[in-house]
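I have placed the structure first, in the form of structure tokens, so that the comments after it can refer back to it.
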Amino acid sequence: MPSPSPKKTLDCLLGMQLEALRESVLQQHNKEVGELRKTIVELRRQLYFNDADAVSVSHEAIADGNAVGRWADFAAKLLDKEEESTEVEPDPEKPNQMETLNMRPVWFSSTWQEAAKNRRMRGYRVSDRHSLPQIRMSDDFTDSTCWQRFVLRPRSKPQLTWSMLGTLLILFDLITIPLELFNIPGSIDFFSTTSRITLAFWIVDMPLNLCFGVERGGRVELRPTELFKMYLRSWFVLDVLVISLDVVLMVVEIVSTTSTDDQSNTGLRSARFLRTMRLLRLLRLLRAVKLQQELTLLANRFLSAHVFMVAKVVFGLLMMLAINHIIACLWYGIGYWTALDGRSWLEQAELLGDEVGFADRYAVSIHWTLTQFTPATNNVAPYNALERFFAVWVILLAMGVFSSFISSITATVSKLQNSRVEQFQQRAKLLRFFVERNLSADLYGKIEDVLRQEGLFEVRIKEHDVKLVEGIPERLKMQLHEEMFMSLLSLLPFWPKWVGERDSLLHRLICHQAMREGTAVPGQDAFIAGANAEEVYIIESGSLNYVYLNNQWHEDTVSAEDIVSLPCIFAEWKHRGRLYARHSACYWVGLNAVQFCNLIADSGGAVWQHLHIFGILLVGAIEDRSWMINDINWSMVGVDALCTRTVKFADILNENHATTSASLALLKSYSSE
Numbered sequence: 000m001p002s003p004s005p006k007k008t009l010d011c012l013l014g015m016q017l018e019a020l021r022e023s024v025l026q027q028h029n030k031e032v033g034e035l036r037k038t039i040v041e042l043r044r045q046l047y048f049n050d051a052d053a054v055s056v057s058h059e060a061i062a063d064g065n066a067v068g069r070w071a072d073f074a075a076k077l078l079d080k081e082e083e084s085t086e087v088e089p090d091p092e093k094p095n096q097m098e099t100l101n102m103r104p105v106w107f108s109s110t111w112q113e114a115a116k117n118r119r120m121r122g123y124r125v126s127d128r129h130s131l132p133q134i135r136m137s138d139d140f141t142d143s144t145c146w147q148r149f150v151l152r153p154r155s156k157p158q159l160t161w162s163m164l165g166t167l168l169i170l171f172d173l174i175t176i177p178l179e180l181f182n183i184p185g186s187i188d189f190f191s192t193t194s195r196i197t198l199a200f201w202i203v204d205m206p207l208n209l210c211f212g213v214e215r216g217g218r219v220e221l222r223p224t225e226l227f228k229m230y231l232r233s234w235f236v237l238d239v240l241v242i243s244l245d246v247v248l249m250v251v252e253i254v255s256t257t258s259t260d261d262q263s264n265t266g267l268r269s270a271r272f273l274r275t276m277r278l279l280r281l282l283r284l285l286r287a288v289k290l291q292q293e294l295t296l297l298a299n300r301f302l303s304a305h306v307f308m309v310a311k312v313v314f315g316l317l318m319m320l321a322i323n324h325i326i327a328c329l330w331y332g333i334g335y336w337t338a339l340d341g342r343s344w345l346e347q348a349e350l351l352g353d354e355v356g357f358a359d360r361y362a363v364s365i366h367w368t369l370t371q372f373t374p375a376t377n378n379v380a381p382y383n384a385l386e387r388f389f390a391v392w393v394i395l396l397a398m399g400v401f402s403s404f405i406s407s408i409t410a411t412v413s414k415l416q417n418s419r420v421e422q423f424q425q426r427a428k429l430l431r432f433f434v435e436r437n438l439s440a441d442l443y444g445k446i447e448d449v450l451r452q453e454g455l456f457e458v459r460i461k462e463h464d465v466k467l468v469e470g471i472p473e474r475l476k477m478q479l480h481e482e483m484f485m486s487l488l489s490l491l492p493f494w495p496k497w498v499g500e501r502d503s504l505l506h507r508l509i510c511h512q513a514m515r516e517g518t519a520v521p522g523q524d525a526f527i528a529g530a531n532a533e534e535v536y537i538i539e540s541g542s543l544n545y546v547y548l549n550n551q552w553h554e555d556t557v558s559a560e561d562i563v564s565l566p567c568i569f570a571e572w573k574h575r576g577r578l579y580a581r582h583s584a585c586y587w588v589g590l591n592a593v594q595f596c597n598l599i600a601d602s603g604g605a606v607w608q609h610l611h612i613f614g615i616l617l618v619g620a621i622e623d624r625s626w627m628i629n630d631i632n633w634s635m636v637g638v639d640a641l642c643t644r645t646v647k648f649a650d651i652l653n654e655n656h657a658t659t660s661a662s663l664a665l666l667k668s669y670s671s672e
């Protein structure tokens, strides 16, 4: 029997392949028709019947032919018949229900052609925050000890409260301890009571240093053993010294007031000993070195950048007054201590005696101190060697400390002025602009209110504010942007659950070239209705308010990890509402739609194919209910279901491509024979 000719064999093979392809496409078409019918039924039941209790008909119900599915199918056919016989008058109060969206040009290429390009194996999941370096800034270092649960994070409410109490006690000691040298009538009992309260506070503060975490090198140290080591190397010696001095002075004071033996108590009750003890109490002011740490902690938590600079100037002036206050009290104490020998500046100034009040003595002392720091004169002068020696040291201190403080304050004020000069000039131009055109004062007032709030809320440093970042290598910039934006990029709902190494590089390029930081302070708009949407907004922290019109005005709130204006990636989209900040500053990341599309198109392959199909399905679903969709509720079209359908469509395309490739390979083998 003669063998069949190669031509007949090839025709038979091609016929079988075409028949299999026809059956596959027909099955998929029937399935899509069923799903589309189900969608139409659900949409019409919601829009026309407005039935709040309507139950969505599942794919399985229609496929199995149960009662609910059959009645829904019957209702859909009746509605189709009614629409053919009845003309519906358009409602002028509603927006256009079937607005057509134009796909972006980058998605016009053939999906079949892109499916054939850059084909690669599917592997692991999309890059996210778990694939980034595990040790990051502001990470917590903890251990498994039993004391770990008692350690609090830095800037927690208990730590801030305790720091505020410590600041108040330090300021109180800074004022009252030097005043003990004046021997104010009736103040001994008050100072003794407050000293005991202060001592109790600082005794409790020592173990609490192990319960408050600290930031070290940008990372949060919460391990009790490490906190103990850090405390030993920093404040432990000072705390032990000052607390020991407090305890000794308190014991001596109790012994001197309770002892009944006149001979043993004579030395403790002598005027010279008591005045010496008052001078030693000034050593407790060593705690004032903690004041800067406490105030810095509070300032970083509650103050913005401009307010912090103003507070720094005020703090410098107050420190100058505090130094002069301490020196004035010391000047009086030395004079009172040397008055026992009969020669003192107090005697020369006629300030000895009970008839001279505290106000007169303090005023003369502070006046003398201020004249040592400034080019001024007074009629008080040292009268003995000790007073003259003290005056010389005060002058030397004034030459160094005063000039240093003045230069620091001057530099801070200059920096504050320089940071505001450009803003002042621009506001002057703004005022001139409104005046020359005779515009409304109400509009000018609103603009001024918004501009005035910018310096009060914007405390976070942006990338372009750090000039050193501009000079780092490009590869480090890419890594920087990857760590900044990758976790937010992974929030986009359309990514496939597989990716290859080239796709990981694609995600890094998107972070580097297509994403940027954005901020809105109260009163500032992120976008307005009717503007062309060029970016997808991914909210990082804070919240924004969204106002839109749907028969009447509505207002919703978007918060962290919400996505706004996603359809602009796939179609030319106009914002359908206004997004603005109302109560607090909000930070978001903007994904440029054009840059994103170009990077996806340049990459090609399976990711492009997936996003191409998803974009077509998403735009079609939005067009079906266009008058209901806005910038924030795009997810109501069923994004998860669209992703599932996208994967199924892609599988069909890839299977057909594989079948065609096999047929071509077989044809090539026959032709070579």
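Each residue of the sequence shown is one higher than the last, beginning at 0 in numbering that gives the first Met the number 0.
Note that the Cβ used here is the ideal one computed from N, Cα and C, for glycine as well.
Bear in mind that the values here come from a model prediction, so they are computed numbers and not experimental data.
Asked, Found
"Starting from Val250 and walking both ways along the beta strand (DSSP E), at which residues does that stretch end?", "Not the beta strand (DSSP E): Val250 falls in the alpha helix (DSSP H), residues Phe235 to Thr257."
"Using a Cβ-Cβ cut-off of 8 Å (strictly less than) and excluding sequence neighbours within five positions of Ser407, which residues of its own chain qualify?", "Gly315"
"How do the segment 235-255 and the segment 172-179 stand: do at least 3 beta-carbon pairs fall below 8 Å, yes or no?", "no"
"Taking all protein chains shown into account, decide if Val359 is buried (16 or more other Cβ within 10 angstroms of its Cβ) or exposed.", "Note on identity: in this sequence residue 359 is Asp, with Val being the wrong assignment. Result: exposed."
"Quick check: what's the CA-CA separation for Val150 versus Ser162?", "16 Å"
"In this structure, does DSSP put Cys210 in helix, strand or coil?", "coil"
"Mind reading off the beta-carbon distance from Leu673 to Asn208? Whole number of angstroms is fine, and I expect it under 8 Å.", "No statement about residue 673 is possible, as the shown extent of the chain runs from 0 to 672 and does not include it."
"Could you compute how far the alpha carbon of Gly604 sits from the alpha carbon of His574?", "31 Å"
"Considering Trp106, what are the terminal residues of the alpha helix (DSSP H) in which it resides?", "Looking at the DSSP string, Trp106 is not in any alpha helix (DSSP H), and its letter there is neither H nor E."
"Under a Cβ-count criterion, where at least 16 other Cβ atoms within 10 Å of its own Cβ denotes burial, should Glu386 be classed as buried or exposed?", "buried"
"If we call anything under 9 Å between Cβ atoms a contact, is Phe307 one with Arg218?", "no"
"State buried or exposed for Met15, treating a residue as buried only when at least 16 other CB atoms are found within 10 Å of its CB.", "exposed"
"From the DSSP secondary-structure annotation, give me the bridge partner or partners of Asp172.", "Per DSSP, none; premise fails for Asp172."
"Can you check whether the CB of Met485 is closer than 9 Å to the CB of Leu508?", "no"
"What's the C-alpha gap between Thr510 and Arg581?", "At residue 510 the sequence reads Cys, which differs from the Thr that was named. One C-alpha to the other measures close to 29 Å."
"Cutting at 7 Å between CB atoms, please list the residues of its own chain near Pro94, excluding the five before and the five after it.", "Because Pro94 carries a pLDDT of 42, less than 50, the predicted location of this residue cannot be relied on, and the following value inherits that uncertainty. Trp626, listed in sequence order."
"Sort Phe189, Asp188, Phe200 and Pro157 by Cα distance to Gly165 and report the nearest one.", "Phe200"
"Do Ile568 and Ala703 come within 9 Å of each other at the CB atom, strictly closer than that value?", "The question about residue 703 has no answer here: the residues shown for the chain are numbered 0 through 672."
"When the Cα atoms are used, what is the spatial distance from Thr518 to Gln594?", "21 Å"
"Using 8 Å for Cβ pairs, my map puts Thr376 next to Thr368. What's the rounded Cβ distance?", "With 8 Å as the limit, Thr376 and Thr368 do not qualify as a contact, their Cβ atoms being about 13 Å apart."
"Could you check if Trp552 is buried or exposed, using at least 16 other CB atoms within 10 Å of its CB as the buried criterion?", "exposed"
"Per the contact definition of three or more C-beta pairs closer than 8 Å, is the segment 461-468 in contact with the segment 615-630?", "no"
"Please report how far the alpha carbon of Val606 lies from the alpha carbon of Leu641, in whole angstroms.", "15 Å"
"Work out the CA separation of Ser191 and Arg426 for me, nearest whole Å.", "56 Å"
"Starting from Ala380, follow the beta strand (DSSP E) in both directions and report where the run begins and ends.", "First-last for Ala380: undefined, no H or E at that position."
"Hey, would you say Ala649 sits closer than 9 Å to Ile599, going by beta carbons?", "no"
"So Ile615 is in the beta strand (DSSP E); what residue range does that whole segment cover?", "Premise fails: Ile615 lies in the alpha helix (DSSP H), Gly604 to Asp623, not in any beta strand (DSSP E)."
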